[in-house]
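Residue numbers for the sequence shown follow our numbering, beginning at 199 and rising by one.
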Amino acid sequence: MKYYIIAGETSGDLHGANLIKALKKEDPSASFTIVGGDEMQKASEERALIHTSEMAFMGFVEVLMNIRSIAKNLKKVKADILEVQPDSLILIDFPGFNLKVAAYAKKLGIKVCYYISPKIWAWNQKRVYKIKKLVDHMFCILPFEVSFYKQFNYHVDYVGNPLLDAISQYQPNHNFKRDHELNDHPIIALLPGSRKMEIAHILPEMVKLHNFFPLHQLIIAGAPNFELSFYEQYYGDYPIKVVFNQTYDLLTHADVAVVASGTATLETALFKVPQVVVYKANPISVYIARQVIKVRFISLVNLINNYLSVIELIQDDCNARTIADEVGKLLTNPEHRASVLENYEDLMEKMGTPGASEKTASLIKNYLTAAN
Numbered sequence: 199m200k201y202y203i204i205a206g207e208t209s210g211d212l213h214g215a216n217l218i219k220a221l222k223k224e225d226p227s228a229s230f231t232i233v234g235g236d237e238m239q240k241a242s243e244e245r246a247l248i249h250t251s252e253m254a255f256m257g258f259v260e261v262l263m264n265i266r267s268i269a270k271n272l273k274k275v276k277a278d279i280l281e282v283q284p285d286s287l288i289l290i291d292f293p294g295f296n297l298k299v300a301a302y303a304k305k306l307g308i309k310v311c312y313y314i315s316p317k318i319w320a321w322n323q324k325r326v327y328k329i330k331k332l333v334d335h336m337f338c339i340l341p342f343e344v345s346f347y348k349q350f351n352y353h354v355d356y357v358g359n360p361l362l363d364a365i366s367q368y369q370p371n372h373n374f375k376r377d378h379e380l381n382d383h384p385i386i387a388l389l390p391g392s393r394k395m396e397i398a399h400i401l402p403e404m405v406k407l408h409n410f411f412p413l414h415q416l417i418i419a420g421a422p423n424f425e426l427s428f429y430e431q432y433y434g435d436y437p438i439k440v441v442f443n444q445t446y447d448l449l450t451h452a453d454v455a456v457v458a459s460g461t462a463t464l465e466t467a468l469f470k471v472p473q474v475v476v477y478k479a480n481p482i483s484v485y486i487a488r489q490v491i492k493v494r495f496i497s498l499v500n501l502i503n504n505y506l507s508v509i510e511l512i513q514d515d516c517n518a519r520t521i522a523d524e525v526g527k528l529l530t531n532p533e534h535r536a537s538v539l540e541n542y543e544d545l546m547e548k549m550g551t552p553g554a555s556e557k558t559a560s561l562i563k564n565y566l567t568a569a570n
């Protein structure tokens with residue numbers, strides 16, 4: 199089988215890589231064409247047509263500012279799909295771009311699979327009708343998504359969460375502190391996201407935490423699509439370090455984390471690190487988002503638990519002073535810290551067990567075989 203897989207951002211790249219590995223086991227003769235990042239390139243042993251670093255734009259204003267780049271990428275992918283003629287197009291989240299590709303593939307008679315549902319339950323729920331029309335098989339990773347789609351009479355497969363796969367494969371680096379010349383002072387992990395524009399808004403507030411916690415080490419989890427110099431412009435003379443491709447090692451050693459809303463909030467919870475969730479973006483983008491979003495929370499931890507399990511600081515609340523107040527509670531108030539860790543236990547029960555990549559690969563192979 200020929201698979202064409204598209205992931206538009208760093209978290210999708212990780213899940214895409216694990217899916218490729220699982221598909222290789224299910225289908226030893228599989229070939230892959232990818233739009234993704236470093237992890238998918240390694241897993242497929244193919245060069246990405248477009249790298250995720252050229253695609254990850256988030257926010258209404260940010261998308262408008264990069265509309266030409268997005269259109270150019272879309273045109274390039276469509277031409278490539280026409281040439282490759284894959285047996286299946288596998289899309290990973292990233293709906294603004296991927297649903298346009300799905301419409302094109304559908305016209306060509308290519309089977310469309312969607313791994314990691316777009317978050318249409320959060321806003322623009324009418325897009326479910328477009329998904330029903332364009333997507334042959336949807337594979338969901340969040341338990342509440344099954345009931346959401348059911349109310350629209352759309353069958354989906356719940357496969358569990360691929361983060362559990364990634365974490366189960368994690369091999370700790372026992373020399374992490376020595377490799378990065380870290381001392382024995384407690385660590386505050388800073389996870390500012392993987393998109394340039396969100397980092398530009400969030401990281402300047404994060405690094406100011408050094409003024410409030412001078413006896414702690416502040417360590418930034420660097421996204422693989424950026425160089426060290428990109429981060430240096432934000433922390434300047436602060437004694438802060440950046441680690442790349444070692445986020446799980448950083449979380450293993452952290453006392454507390456400050457995390458940009460996204461997949462990383464769930465990863466932090468699964469590593470049982472108390473966290474403060476933050477988000478800040480272009481004010482116009484946030485204003486528009488607040489008008490259309492239909493969920494109570496922004497972090498996956500809170501969404502899955504369906505109650506406030508970790509503190510969320512959004513826009514004006516995402517400032518160094520307020521973040522420091524919440525971090526301070528997690529560091530000095532044992533009851534508050536224990537409460538967050540108890541909330542994580544609820545989360546773990548809802549998340550289930552590893553195996554999402556294998557389940558999805560098996561289902562895709564079976565669906566395609568039955569269709570031929």
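Ideal Cβ positions, reconstructed from N, Cα and C, are used throughout, including at glycine.
Here the structure is a predicted model, which means the values were calculated and not measured.
### Task
Would you grab the beta carbon distance between Leu448 and Val441 for me? Rounded to a whole angstrom, and I think it's under 8 angstroms.
To locate residue 448, count along the sequence shown from 1; it is residue 250. To locate residue 441, count along the sequence shown from 1; it is residue 243. Indeed, because the Cβ distance is near 6 angstroms, the residues count as touching under 8 angstroms.
### Message
Per DSSP, what are the beta-bridge partners of Met583 in this structure?
### Response
Residue 583 is absent from the structure shown; the chain starts at 199 and stops at 570.
### Task
Say whether the stretch 372-381 touches the stretch 389-408, bearing in mind that this needs 3 or more beta-carbon pairs closer than 8 angstroms, one atom from each stretch.
no
### For Gln415, the residue or residues it bridges with in DSSP
Counted from its first residue, the sequence shown places residue 415 at position 217. In the DSSP output, where bridge partners are listed per residue, Gln415 has Ile385.
### Query
How many whole angstroms separate the CB atoms of Leu272 and Phe292, which I take to be in contact at a CB cut-off of 8 angstroms?
In the sequence shown, the residue the question calls residue 272 occupies position 74. In the sequence shown, the residue the question calls residue 292 occupies position 94. In fact, because the Cβ distance is near 12 angstroms, the residues do not count as touching under 8 angstroms.
### Query
Ends of the beta strand (DSSP E) at Ala467?
Counting from 1 along the sequence shown, the entry for residue 467 is found at position 269. Unbroken run through Ala467 is the alpha helix (DSSP H), Thr461 to Leu468; no beta strand (DSSP E).
### Selection from Ile203, Leu212 and Leu217 that minimises the alpha carbon distance to Phe462
Counting from 1 along the sequence shown, the entry for residue 462 is found at position 264. For the record, residue 462 in the displayed sequence is Ala; it is not Phe. Answer by Cα proximity: Leu212.
### Query
What are the partner residues of His249, as DSSP defines its beta bridges?
Here residue 249 refers to the residue found at position 51 of the sequence shown. Answer is Gly234.
### Message
Considering only DSSP beta bridges, list what Asp355 is partnered with.
### Response
If you number the sequence shown from 1, residue 355 lands on position 157. Its beta-bridge partners are Phe337.
### Message
Since Arg535 and Pro472 should fall inside the 8 angstroms C-beta cutoff, what is the C-beta to C-beta distance between them, to a whole number of angstroms?
### Response
Along the sequence shown, one-based indexing puts residue 535 at 337. Along the sequence shown, one-based indexing puts residue 472 at 274. Right, the Cβ-Cβ distance comes to about 5 angstroms (below 8 angstroms), so this counts as a contact.
### Query
When you compare only the Cα positions, how much space is there between Gln239 and Leu247?
Here residue 239 is taken as the residue at index 41 of the sequence shown, counted from 1. Here residue 247 is taken as the residue at index 49 of the sequence shown, counted from 1. Near 10 angstroms, if we compare the C-alpha coordinates of Leu247 and Gln239.
#### Entry: Asp453 versus His372: straight-line alpha-carbon distance, rounded
By 1-based counting over the sequence shown, the position of residue 453 is 255. By 1-based counting over the sequence shown, the position of residue 372 is 174. Taking the straight line from one Cα to the other gives about 17 angstroms.
### Query
According to DSSP, is Phe258 helix, strand or coil?
Locating residue 258 in the sequence shown gives position 60, where the first residue counts as 1. Summary for Phe258: the model assigns pLDDT 49, below 50, so the residue's position carries little reliability, and this model does not support an answer.
### Task
Please determine if the stretch 343-360 and the stretch 309-324 are in contact, where contact requires at least 3 C-beta pairs separated by less than 8 angstroms.
yes
#### Entry: Rounded separation between Ile521 and Leu407 - CA only
Here residue 521 corresponds to residue number 323 of the sequence shown, with the count starting at 1. Here residue 407 corresponds to residue number 209 of the sequence shown, with the count starting at 1. Cα to Cα, the separation comes out at about 8 angstroms.
### Query
Taking the Cβ atom as the reference point for each residue, do Ile562 and Cys311 lie within a distance shorter than 8 angstroms?
What you label residue 562 is simply residue 364 of the sequence shown in a count that begins at 1. What you label residue 311 is simply residue 113 of the sequence shown in a count that begins at 1. A contact, by the Cβ cut-off of 8 angstroms.
### Message
When you compare the CB positions of Val508 and Val538, do they come within less than 8 angstroms of one another, or not?
### Response
Reading the sequence shown from its first residue, position 310 is the one you call residue 508. Reading the sequence shown from its first residue, position 340 is the one you call residue 538. Yes, the pair counts as a contact, with Cβ atoms nearer than the cut-off.
### Query
Would DSSP call Leu361 helix, strand or coil?
Here residue 361 refers to the residue found at position 163 when the sequence shown is read from its first residue. Helix.
### Query
Does the beta-carbon of Arg266 have 16 or more other beta-carbons within 10 angstroms, so that it is buried, or is it exposed?
Indexing the sequence shown from 1 puts residue 266 at position 68. Exposed, by the Cβ-count rule.
### Task
Determine the closest residue to Glu547 out of Gln323, Lys298, Ile314 and Pro341, with distance taken between C-alpha atoms.
Reading the sequence shown from its first residue, position 349 is the one you call residue 547. Taking only the C-alpha atoms, the option nearest Glu547 is Pro341.
### Query
So, using beta-carbon positions, are Lys470 and Tyr542 closer together than 8 angstroms?
Locating residue 470 in the sequence shown gives position 272, counting from the first residue. Locating residue 542 in the sequence shown gives position 344, counting from the first residue. Yes, they are a contact pair.
#### Entry: Close beta carbons around Tyr356, own chain, < 6 angstroms, minus the five adjacent residues each side
Stepping through the sequence shown from its first residue, residue 356 is reached at position 158. The answer, listed in chain order, is Cys338 and Val344.
### Message
Does Glu533 pass the burial test, meaning 16 or more other C-beta atoms within 10 Å, or should it be called exposed?
### Response
As a working note, residue 533 is residue 335 in the sequence shown. It counts as exposed.
### Task
May I have the straight-line CA-CA distance separating Glu510 from Thr558, to the nearest angstrom?
As a position in the sequence shown, residue 510 is number 312, starting the count at 1. As a position in the sequence shown, residue 558 is number 360, starting the count at 1. The alpha-carbon atoms of Glu510 and Thr558 are separated by roughly 32 angstroms.
### Query
To the nearest whole angstrom, what separates the beta carbons of Ile502 and Leu545, a pair I think is in contact under 8 angstroms?
In the sequence shown, the residue the question calls residue 502 occupies position 304. In the sequence shown, the residue the question calls residue 545 occupies position 347. Contact holds; Cβ gap of about 6 angstroms.
### Query
Where Met253 and Ala301 are concerned, what is the direct C-alpha to C-alpha distance, given to the nearest angstrom?
Here residue 253 corresponds to residue number 55 of the sequence shown, with the count starting at 1. Here residue 301 corresponds to residue number 103 of the sequence shown, with the count starting at 1. C-alpha separation (whole angstroms): 19 angstroms.
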